[in-house]
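In what follows, a single structure is set out as structure tokens and then discussed.
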Amino acid sequence: MKEKIIKISWGKTLDGKVINVNDAIRDKDYYCLCCDEKLTLRTGNIKRKHFSHRNDSKCDPESVYHKLAKFLICYAISENAKGNKQIKMVSKCHGCDKEHKKIITPRIFSNAKDEVPIDKYRCDVVAYLNNGNKVAIEVFHTHEIDEEKKKNLSIP
Numbered sequence: 002m003k004e005k006i007i008k009i010s011w012g013k014t015l016d017g018k019v020i021n022v023n024d025a026i027r028d029k030d031y032y033c034l035c036c037d038e039k040l041t042l043r044t045g046n047i048k049r050k051h052f053s054h055r056n057d058s059k060c061d062p063e064s065v066y067h068k069l070a071k072f073l074i075c076y077a078i079s080e081n082a083k084g085n086k087q088i089k090m091v092s093k094c095h096g097c098d099k100e101h102k103k104i105i106t107p108r109i110f111s112n113a114k115d116e117v118p119i120d121k122y123r124c125d126v127v128a129y130l131n132n133g134n135k136v137a138i139e140v141f142h143t144h145e146i147d148e149e150k151k152k153n154l155s156i157p
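In structure tokens, the structure reads:
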């Protein structure tokens with residue numbers, strides 16, 4: 002049986018507002034970003050503060066991580082678009098196998114959207130730059146995109 006207990010740092014209110022666990026208030030209801038099940042706020046003295054699903058939850062932890070990653074990427078890009086945030090991007094080159102770091106200054110992006118269709122594909126996140134260009138971002142936890150999609154979307 003696969004491990005189902007995960008510590009979730011983000012949830013949403015009944016009206017859909019996304020909230021970090023550190024801003025959560027006891028006795029208020031919060032829901033999973035992925036499955037919409039009610040979450041329990043855990044605020045013990047030993048473990049870090051987190052949300053958790055009920056033990057009988059059917060929510061797939063990989064789906065939670067995937068959706069949360071897309072949300073956080075869109076959030077960082079929207080903060081960059083407002084001028085509030087520079088983004089530190091770290092990537093590993095598939096050609097030379099070296100790690101590369103780049104700082105993206107505020108206001109480079111105009112916005113970002115998740116689950117955007119491009120040609121016959123659906124991209125996890127598309128970031129829109131102020132110069133009119135688009136950046137397709139694929140999030141993976143265990144499964145990378147296939148070679149055909151990589152080639153057709155010019156993803157290194």
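Note that this note's numbering gives residue 10 to position 9 of the sequence shown, counting from 1, and the numbers run on in steps of one. Where is the CB? At the ideal position from N, CA and C, for every residue including glycine.
Ranked by how close their Cα comes to the Cα of Gly133, the residues Ile105, Cys94 and Ile109 have Ile109 in first place. The beta-bridge partner set that DSSP reports for Ser53 consists of Thr41. Distance check between Arg43 and each of Asp16, Met90 and Trp11 places Trp11 closest, using alpha-carbon atoms only. Taking 8 Å as the cut-off, the Cβ atoms of Val136 and Val127 count as close. DSSP places Val117 in the strand class (E or B) of the three-state scheme. Minimum Cα-Cα distance from Ile26 among the listed residues His51, Ser79 and Asn46 corresponds to His51. Per DSSP, Asn21 is one residue of the beta strand (DSSP E) stretching across Val19 to Asn21.
Here Ile138 is buried: its Cβ has 16 or more other Cβ atoms, across all protein chains shown, within 10 Å. Taking C-beta separations shorter than 7 Å and ignoring five residues to either side along the sequence, the partners of Asn21 in its chain run Ser10 and Trp11, following chain order. Listed in chain order, the non-local C-beta contacts of Asp30 below 8 Å within the same chain comprise Thr14, Leu15 and Lys39, local neighbours out to five positions each way being set aside. Nearest to Cys75 by alpha-carbon distance, out of Asp125, Ile119, Cys94 and Pro62, is Asp125.
Taking each of Ser111, Lys89 and Val117 in turn and checking the Cα distance to Ile105, the smallest one comes out for Lys89. For Val140, the three-state secondary structure derived from DSSP is coil.
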